[in-house]
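S.K.:
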Amino acid sequence: VVEGLALLDLGVSPYSGAVFHETPLIIYLFHFLIEYAELVFMITDVLTAVALYLAIQDFNKVVFKKQKLLIELDKYAADVAELIQTPMEMHYIPLKVALFYLLNPYTVMSCVAKSTCAINNTVIAFFILATIKGSAFLSAVFLALATYQSLYPLTLFAPALLYLLQRQFIPIKLKSKSFWLYTMQYAALYLCSLVVIICLSFFLLNSWDFIPSVYGFILSVPDLTPNIGLFWYFFAEMFEHFSLFFVCVFQINVFFYTIPLAIKLKEHPVFFMFVQIAIISIFKSYPTVGDVALYMAFLPVWSHLYRFLRNIFILSCVLIVCSLLFPVLWHLWIYAGSANSNFYYAITLTFNIGQILLVSDYFYAFLRREYYLTHGLHLTRQDGTEAMLVLK
Amino acid sequence: FQDQAEQFFRSGHTNNWAVLVCTSRFWFNYRHVANTLSIYRSVKRLGIADSHIVLMLADDMACNPRNPKPATVFSHKNMELNVYGDDVEVDYRSYEVTVENFLRVLTGRIPPSTPRSKRLLSDDRSNILIYMTGHGGNGFLKFQDSEEITNVELADAFEQMWQKRRYNELLFIIDTCQGASMYERFYSPNIMALASSQVGEDSLSHQPDLGIGVHLMDRYTFYVLEFLEEIHPASQTNMNDLFQVCPKSLCVSTPGHRTDLFQRDPQNVLITDFFGSVRKVEITTETISLDSDLADFESKFPKDELATEPLKYAEQLPVAQIIHQKPKQKEWHPPGGFILGLWALIIMVFFKTYGIKHMKHVF
Numbered sequence: 249v250v251e252g253l254a255l256l257d258l259g260v261s262p263y264s265g266a267v268f269h270e271t272p273l274i275i276y277l278f279h280f281l282i283e284y285a286e287l288v289f290m291i292t293d294v295l296t297a298v299a300l301y302l303a304i305q306d307f308n309k310v311v312f313k314k315q316k317l318l319i320e321l322d323k324y325a326a327d328v329a330e331l332i333q334t335p336m337e338m339h340y341i342p343l344k345v346a347l348f349y350l351l352n353p354y355t356v357m358s359c360v361a362k363s364t365c366a367i368n369n370t371v372i373a374f375f376i377l378a379t380i381k382g383s384a385f386l387s388a389v390f391l392a393l394a395t396y397q398s399l400y401p402l403t404l405f406a407p408a409l410l411y412l413l414q415r416q417f418i419p420i421k422l423k424s425k426s427f428w429l430y431t432m433q434y435a436a437l438y439l440c441s442l443v444v445i446i447c448l449s450f451f452l453l454n455s456w457d458f459i460p461s462v463y464g465f466i467l468s469v470p471d472l473t474p475n476i477g478l479f480w481y482f483f484a485e486m487f488e489h490f491s492l493f494f495v496c497v498f499q500i501n502v503f504f505y506t507i508p509l510a511i512k513l514k515e516h517p518v519f520f521m522f523v524q525i526a527i528i529s530i531f532k533s534y535p536t537v538g539d540v541a542l543y544m545a546f547l548p549v550w551s552h553l554y555r556f557l558r559n560i561f562i563l564s565c566v567l568i569v570c571s572l573l574f575p576v577l578w579h580l581w582i583y584a585g586s587a588n589s590n591f592y593y594a595i596t597l598t599f600n601i602g603q604i605l606l607v608s609d610y611f612y613a614f615l616r617r618e619y620y621l622t623h624g625l626h627l628t629r630q631d632g633t634e635a636m637l638v639l640k
Numbered sequence: 065f066q067d068q069a070e071q072f073f074r075s076g077h078t079n080n081w082a083v084l085v086c087t088s089r090f091w092f093n094y095r096h097v098a099n100t101l102s103i104y105r106s107v108k109r110l111g112i113a114d115s116h117i118v119l120m121l122a123d124d125m126a127c128n129p130r131n132p133k134p135a136t137v138f139s140h141k142n143m144e145l146n147v148y149g150d151d152v153e154v155d156y157r158s159y160e161v162t163v164e165n166f167l168r169v170l171t172g173r174i175p176p177s178t179p180r181s182k183r184l185l186s187d188d189r190s191n192i193l194i195y196m197t198g199h200g201g202n203g204f205l206k207f208q209d210s211e212e213i214t215n216v217e218l219a220d221a222f223e224q225m226w227q228k229r230r231y232n233e234l235l236f237i238i239d240t241c242q243g244a245s246m247y248e249r250f251y252s253p254n255i256m257a258l259a260s261s262q263v264g265e266d267s268l269s270h271q272p273d274l275g276i277g278v279h280l281m282d283r284y285t286f287y288v289l290e291f292l293e294e295i296h297p298a299s300q301t302n303m304n305d306l307f308q309v310c311p312k313s314l315c316v317s318t319p320g321h322r323t324d325l326f327q328r329d330p331q332n333v334l335i336t337d338f339f340g341s342v343r344k345v346e347i348t349t350e351t352i353s354l355d356s357d358l359a360d361f362e363s364k365f366p367k368d369e370l371a372t373e374p375l376k377y378a379e380q381l382p383v384a385q386i387i388h389q390k391p392k393q394k395e396w397h398p399p400g401g402f403i404l405g406l407w408a409l410i411i412m413v414f415f416k417t418y419g420i421k422h423m424k425h426v427f
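As given, the protein sequences belong to chains B and G, one line each in that order.
According to the working numbering, the stretch in the first sequence is residues 249 to 640, in order.
According to the working numbering, the stretch in the second sequence is residues 65 to 427, in order.
As structure tokens, this is what we get:
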């Protein structure tokens, strides 16, 4: 950002160098606030935490209401009393979510590093707040802002749409007219705000330079500086002939999980949102630990799934050990010269495997709880012996 | 003031050069490289720049695979002094250190493609320090274990330098076995020579370091280095002190020196005349009438008696400007249309979400 602003002062487009890849609205924001950069990032972190707090507070009310409705409708099996969430245990969840975000070492690191990921997180948190409060207009605006900044929150369109449909009590049937009407309205709001924001950023610099620099950069991954993601190593060793193909494959990988998850989790859009954010932060082209911090902030919301998580000890050990080994192997590779990139890449792989397993573990636990809620805790097979649930 | 002004012109040199040669290869000759680097370090510390030093090292000890402390060359045991700092500039390295190259450097008969850093570009007002170390014998010095330079060749090279006016005064120091034999044959004027041992004597090494495994320095150069560490660019120590630097009790061999070819008295020769590059500058407000030696210079320029104001040091720096520096003005500002559009949008979103009823509170 500093480079971009310096280039602007010299009268050149900030995107002419290959360093600056942020959107023009960031230029506008930091043009006035660059001297107070530390304060800006602290404030964005606080705003994110506050937004998450309010969002989860509202979400808890919704969950509780839905639970009450389902109990009255007798949808639950008889012996699942211990699985029902009580207000007592749900009282502190918003506070825990805010604290999880603020005290996460990843958040602290990305605040110290003054990474613009913090601004991404703030916009996504406000989007979640707007969605849970039920305001389609605001959530479309914030989603457009988030997509404008880094392309991947586009996939959050689906969970937001599902949540708003649920809130309006519109059933999700493909033939239903009201479903399509609402979808069209929401999509129109979203696309219009996106177009308006992009045109506005055109007027900032009077050029369309920012589109290849920002979106072309995210999609085509030209810069292979090592990060905690999976793209750099693969494309460093790739022959140019195949790089276009594999870039497409890797990018599709991010967007691909939306439709199957939408079909499976259409009753639980907020969980879908959590899984989607996690998938974005694992598979995006330039991930940072700030993205990891955002979805980890949601973990207290599903603390009632703890009894169903199978690998949580190993996963937490893997994540902690990998986080500690990242700087060690980086130092060994770059500064001491006694390791090579394979060491660092191995830790990257392990870290991402840990994250994927964490997400899939929570997914399994969630589905298992839902199954128990509708079918009872003590499952028996046809011949009367005890049965086990397996996620296929 | 007269005396002090006369002191300016005691020595006739205007620039200093140094040619420092280590002629031995292989790890067990670590001490010769350390010798040369110690003199290099002192000479550089006292002011001679790398452009005026021709450093020839026949082997790379710092990056030798047998060096347990890579990138260092120590001169004291217990590794107190690393003479291989991070700004060592070696001009002739490894197999480039040959008798032919050394003689070409001295005499200036160098192919035109040689870079400047490898040339001795001295003139007739240069004081040159030549330091050589390695393995030697009676009348010769061994280069790289394959060839030798004899004292006759060296004397002839110095005569060529004198004929071509390539030096004003020359100080030749040699630290090898039977080193005094190397200066026996000199016959050119203005040469002063020192050697670490007489004919028939061996120069001994100083101390081994058990951590590195070799002897680190030779005795003579070790004590010369100790002596030179006390010298600073303004010191008035003269050559007589350098002659006494290593008595037989410390050096075991008898160092020798030769001053008969030298025109000035060694008492009046400052160490910094050869080892340093001292520029004498003194600001004065009075005019000085110089000696009869320079009367012809004086007659060319009339004495000017303008009284200059005494300048204070602080006035040279724009302190006031530095203290009261305003922050840099940014030249780029976002266009007005953009700001207007952005804030209009934000206000529209706000009112759409929270309703028109708040408008009357805001306005």
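For glycine and all other residues, C-beta sits at the position ideal for the given N, C-alpha and C.
Could you tell me how far apart the beta carbons of B/Gly477 and B/Pro535 are, in whole angstroms, since I believe they sit closer than 8 Å?
M.R.: Indexing the first sequence from 1 puts residue 477 of chain B at position 229. Indexing the first sequence from 1 puts residue 535 of chain B at position 287. At roughly 4 Å, the Cβ-Cβ gap stays under 8 Å, so B/Gly477 and B/Pro535 are in contact.
S.K.: What does DSSP give as the partner residues of B/Val311 in its beta bridges?
M.R.: Within the first sequence, the letter at position 63 stands for residue 311 of chain B. None, per the DSSP bridge assignment.
S.K.: State buried or exposed for G/Thr87, treating a residue as buried only when at least 16 other CB atoms are found within 10 Å of its CB.
M.R.: The residue given as residue 87 of chain G occupies position 23 in the second sequence. Under this definition G/Thr87 is a buried residue.
S.K.: Leaving out five residues on either side along the sequence, give the residues of the same chain with a beta carbon under 6 Å from the beta carbon of G/Gln262.
M.R.: In the second sequence, residue 262 of chain G corresponds to position 198, counting from 1. Excluding sequence neighbours, G/Gln262 sits near Ala244, Thr318, Gly320.
S.K.: Please work out which residues of its chain come closer than 8 Å, Cβ to Cβ, to G/Met412, disregarding the five sequence neighbours upstream and downstream, and give them in chain order.
M.R.: Counting from one through the second sequence, the residue named residue 412 of chain G turns up at place 348. If we look at G/Met412 and ignore the five residues flanking it on each side, it has no Cβ neighbours.
S.K.: Under the three-state reduction of DSSP, which class applies to B/Glu488: helix, strand or coil?
M.R.: Within the first sequence, numbered from 1, the residue matching residue 488 of chain B stands at position 240. Note: B/Glu488 maps to helix in three-state DSSP.
S.K.: Thinking B/Ser551 and B/Leu542 are a contact (beta carbons under 8 Å), I'd like their distance in whole angstroms, please.
M.R.: Residue mapping note: residue 551 of chain B aligns to position 303 of the first sequence, counting from 1. Residue mapping note: residue 542 of chain B aligns to position 294 of the first sequence, counting from 1. That belief does not hold up - the Cβ atoms of B/Ser551 and B/Leu542 are roughly 17 Å apart, past 8 Å.
S.K.: Using Cβ-Cβ distances below 8 Å, what residues of the segment 120 to 143 of chain G are close to chain B?
M.R.: Answer set for the segment 120 to 143 of chain G: empty.
S.K.: Taking only three categories from DSSP, how would you classify G/Glu233?
M.R.: On the second sequence, position 169 is the one that residue 233 of chain G refers to. Correct three-state label for G/Glu233: strand.
S.K.: Taking G/Trp396 as the query, report the chain B residues whose CB atoms sit under 8 Å from its CB, ordered along the chain.
M.R.: In the second sequence, residue 396 of chain G corresponds to position 332, counting from 1. Within 8 Å Cβ-Cβ: Leu253, Leu256, Asp257, Gly259, His279.
S.K.: Quick one: is G/Phe415 near chain B, going by C-beta distance under 8 Å?
M.R.: Residue numbering aside, residue 415 of chain G sits at position 351 when the second sequence is read from its first letter. No, because no Cβ of chain B sits closer than 8 Å to the Cβ of G/Phe415.
S.K.: Would you list, in sequence order, the uninterrupted alpha helix (DSSP H) runs of no fewer than 4 residues that lie entirely inside the segment 260 to 327 of chain G?
M.R.: DSSP runs (the alpha helix (DSSP H)) wholly in the segment 260 to 327 of chain G: 283 to 293, 303 to 307, 312 to 315.
S.K.: Anything in chain G within Cβ reach of B/Phe385, meaning under 7 Å, just list it in chain order.
M.R.: If you number the first sequence from 1, residue 385 of chain B lands on position 137. Within chain G, the residues near B/Phe385 are Lys416, Thr417.
S.K.: What residues in the segment 426 to 453 of chain B have a beta carbon less than 8 Å from any beta carbon of chain G?
M.R.: Those would be Val444, Leu448, Phe451, Leu452, in chain order.
S.K.: Check whether the Cβ of G/Trp407 lies closer than 8 Å to any Cβ atom in chain B.
M.R.: Residue numbering aside, residue 407 of chain G sits at position 343 when the second sequence is read from its first letter. Answer no: the Cβ-Cβ gap between G/Trp407 and chain B never drops below 8 Å.
S.K.: Buried or exposed: where does G/His434 fall if 16 or more other Cβ atoms within 10 Å of its Cβ makes it buried?
M.R.: The question about residue 434 of chain G has no answer, for chain G in this structure spans 65 to 427.
S.K.: According to DSSP, is B/Arg617 helix, strand or coil?
M.R.: The sequence position of residue 617 of chain B within the first sequence is 369, counting from 1. B/Arg617 falls in the helix class under three-state DSSP.
S.K.: Which residues mark the beginning and the end of the beta strand (DSSP E) in which G/Phe86 is found?
M.R.: Walking along the second sequence from the start, residue 86 of chain G turns up at place 22. It should be pointed out that residue 86 of chain G corresponds to Cys in this sequence rather than to Phe. Run containing G/Cys86: 79 to 86, per the beta strand (DSSP E) assignment.
S.K.: Over the uninterrupted alpha helix (DSSP H) stretch that includes G/Leu121, give me the two end residues.
M.R.: Taking the second sequence and counting its residues from 1, one reaches residue 121 of chain G at position 57. Counting along the chain, G/Leu121 falls outside any alpha helix (DSSP H), though it belongs to the beta strand (DSSP E) covering 117 to 121.
S.K.: Can you tell me which of the three DSSP states G/Asp220 falls into?
M.R.: Position 156 of the second sequence, counted from the start, is the residue given in the question as residue 220 of chain G. Three-state result, G/Asp220: helix.
S.K.: B/Ile562 to G/Trp407, Cα distance in whole Å?
M.R.: Taking the first residue of the first sequence as 1, we reach residue 562 of chain B at position 314. Taking the first residue of the second sequence as 1, we reach residue 407 of chain G at position 343. Approximately 50 Å between the Cα atoms of the pair.
S.K.: To the nearest angstrom, how far is the alpha carbon of G/Gln300 from that of G/Glu293?
M.R.: Working through the second sequence from its first residue, we reach residue 300 of chain G at position 236. Working through the second sequence from its first residue, we reach residue 293 of chain G at position 229. Cα to Cα, G/Gln300 sits roughly 14 Å from G/Glu293.
S.K.: Can you confirm whether B/Val298, when its beta carbon is compared against all beta carbons of chain G, has any partner nearer than 8 Å?
M.R.: In the first sequence, residue 298 of chain B corresponds to position 50, counting from 1. No, B/Val298 does not count as interfacial toward chain G.
S.K.: Please compile the residues from chain G whose C-beta is within a distance smaller than 7 Å of the C-beta of B/Val462.
M.R.: Here residue 462 of chain B refers to the residue found at position 214 when the first sequence is read from its first residue. Residues of chain G passing the Cβ test: none, with the nearest at roughly 17 Å.
S.K.: In this structure, how does DSSP classify B/Asp293 when only helix, strand and coil are distinguished?
M.R.: Reading the first sequence from its first residue, position 45 is the one you call residue 293 of chain B. Three-state result, B/Asp293: helix.
S.K.: Quick check: the segment 480 to 492 of chain B against the segment 421 to 432 of chain B, are at least 3 beta-carbon pairs closer than 8 Å?
M.R.: No, the segment 421 to 432 of chain B does not touch the segment 480 to 492 of chain B.
S.K.: Go through the segment 430 to 508 of chain B residue by residue and report every complete run of the alpha helix (DSSP H) that reaches 4 residues or more, in order.
M.R.: List check, alpha helix (DSSP H) in window: 465 to 468, 479 to 484, 488 to 504.
S.K.: Pull up the distance between the alpha-carbon of B/Phe522 and that of B/Cys565, whole angstroms please.
M.R.: Position 274 of the first sequence holds residue 522 of chain B. Position 317 of the first sequence holds residue 565 of chain B. Each residue's Cα considered, the two are about 22 Å apart.
S.K.: Enumerate in chain order the residues of its own chain whose CB-to-CB distance from G/Cys310 is below 8 Å, with the five nearest sequence positions on each side excluded.
M.R.: As a working note, residue 310 of chain G is residue 246 in the second sequence. Correct list, in chain order: Ser260, Arg283, Tyr284, Tyr287, Val288, Pro319.
S.K.: Go through its chain and collect everything with a Cβ distance to B/Ser586's Cβ below 6 Å, but skip five positions before and after it.
M.R.: Working through the first sequence from its first residue, we reach residue 586 of chain B at position 338. Result list for B/Ser586: Leu580, in chain order.
S.K.: For a contact defined as C-beta to C-beta under 7 Å, what are the partners of G/Gly401 on chain B?
M.R.: Residue mapping note: residue 401 of chain G aligns to position 337 of the second sequence, counting from 1. Result: Phe451.
S.K.: Using a Cβ cut-off of 8 Å (strictly closer), state whether G/Asp187 contacts chain A.
M.R.: This model lacks chain A altogether; the protein chains it does include are B and G.
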